[in-house]
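All remarks here apply to the structure that follows.
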């Protein structure tokens, strides 16, 4: 009997892009709101950004069913943490929890490409970037998803931050102001929308700073 | 969604160990496996989809003063460079380091797990674990996942009661004790520089410079980190941008032709 390849895959790719930028005292997390499958659009108004804790937001692209399951799991673990420790999880703690959660499905991965943004314990912006099985590092800015190969070189050009590995250590956060960072994000997505069919419709931008969370939207091309 | 938190415990269950032989041995976390007729094919496809970050040069060597460990910082997924600033030297505990080559997530997770086990050993035995012991713990865990697609090529470097120790451990289950190792796709180039410049009785600064040079010659335009492990634990010696290192080793000299042209235009 000849070996047959599986003709059903448990995974699908719903497309989309996400970006996060860390500033001196703020963090910007943005994602488009288009959800697609193959060449069809499932929704023009689907949020990929989820608030995991007071100071942590996660934006994920990839297979949204896995993303939803991951968000639910992390929300449940955060609730347990709050019951046990009587406080919210910090962003670095949430970052490690996400990494472990992804790795525990190493042999049947969450098809979820995540970028975690928030404020660390000192109030500085922090962004963590992940691969699908949980390897992570803290960076000054990150992007994932179908438009990431288009957006990342642009961010490298505009924001090239010194590597966190350099000694003496230099600050990885961008010197840009909050409004400049938001404008930069809008520019990124406007360009990515032109060339990536899976990115478009609307851009959701969330800014996290000492005053709290502020959400805004921008229209993108719908074709 | 039912939460299965058993994987988060690193000690074996107190009651109901399934067979007497495995009772008392620390077990690795339990993982969800896909229900499929073709596990290998599925894993091959999952690896393609996941495309773990790799493409590396790491090296470590023992010399008179201790162990020197150095690594680059590039991570690639297929042909795309996913990061220029990956931390490939993992701090297991204050006197032991591990290097990362192969799958980034595999190395990060299992080194973190090893750090936990080393700490538990310290608490249970009131003394630090030896480098031999730590590398054996890791090698045994990786051996039990042999054939399942983990990709780990790591060196465990540390200083214990017997002095400096260096072991190479990989996901095929191999474990080698040695004095000089380089792991990764850039290792042939690093070996060339390392082997030609190595002397047992170097000073710490000379050894750091040899390590830095070896990484530099194997990489280009990403980062090079150098760590030193001595009797008091590890210390980060330097973290440089290899692009800058290039101009440090080969400074730009204005050539005579340019100087002459400058004079002509001034006349």
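Residue numbers (the numbering used here), protein chains in the order written: chain A, 4 to 226; chain B, 2 to 268.
Cβ coordinates follow ideal geometry from the N, Cα and C atoms, glycine included.
Item, Value
"Is there at least one Cβ from chain A nearer than 8 angstroms to residue 54 of chain B's Cβ?", "With a pLDDT of only 48 at residue 54 of chain B, under the threshold of 50, the placement of this residue in the model should not be trusted; the figure read from the coordinates follows. Yes, its Cβ sits closer than 8 angstroms to a Cβ of chain A."
"Tell me whether residue 105 of chain B is buried or exposed, calling it buried when 16 or more other Cβ atoms sit within 10 Å of its Cβ.", "buried"
"Are the CB atoms of residue 60 of chain A and residue 52 of chain A within a distance shorter than 8 angstroms?", "yes"
"What did DSSP end up calling residue 176 of chain A once you bin it into helix, strand or coil?", "coil"
"When the cut-off is 8 angstroms and only beta carbons count, does residue 34 of chain B lie next to chain A?", "yes"
"Check whether chain B comes within 8 angstroms of residue 109 of chain A, counting only Cβ atoms and requiring the distance to be less than that.", "yes"
"Would you mind sorting residue 250 of chain B into buried or exposed? The rule is 16 or more other CB atoms within 10 Å of its CB.", "exposed"
"Within the 8 angstroms Cβ cut-off, does residue 106 of chain B reach chain A?", "yes"
"Which value, in whole angstroms, describes the spacing of the CA atoms of residue 22 of chain B and residue 122 of chain B?", "Residue placement at residue 22 of chain B cannot be trusted, given a pLDDT of 49 that sits under 50; what the coordinates show is reported in the next sentence. Distance between the alpha carbons of residue 22 of chain B and residue 122 of chain B is about 20 angstroms."
"Would you say residue 240 of chain B lies against chain A (beta-carbon separation less than 8 angstroms)?", "yes"
"Less than 8 angstroms separating the beta-carbons of residue 69 of chain A and residue 131 of chain A?", "no"
"Mind checking which residues open and close the alpha helix (DSSP H) that includes residue 97 of chain A?", "94-106"
"Residue 73 of chain A touches chain E at which residues, Cβ-Cβ below 7 angstroms?", "No chain E is present in this structure, whose protein chains are A and B."
"Suppose the cutoff is 7 angstroms on Cβ atoms and the five residues either side in sequence are ignored; what does the same chain contact list for residue 219 of chain A look like?", "208"
"Mind checking residue 224 of chain A: buried by the 16 CB within 10 Å criterion, or exposed?", "exposed"
"Give the single residue among A:66, A:213 and A:96 whose Cα lies nearest to the Cα of residue 13 of chain A.", "A:66"
"What does DSSP give as the partner residue(s) for residue 46 of chain A in the beta ladder?", "A:38"
"If distances are taken between C-alpha atoms only, which option among B:107, B:165, B:146 and B:141 comes closest to residue 132 of chain B?", "B:165"
"Is the beta carbon of residue 119 of chain B sitting closer than 8 angstroms to the one on residue 153 of chain B?", "no"
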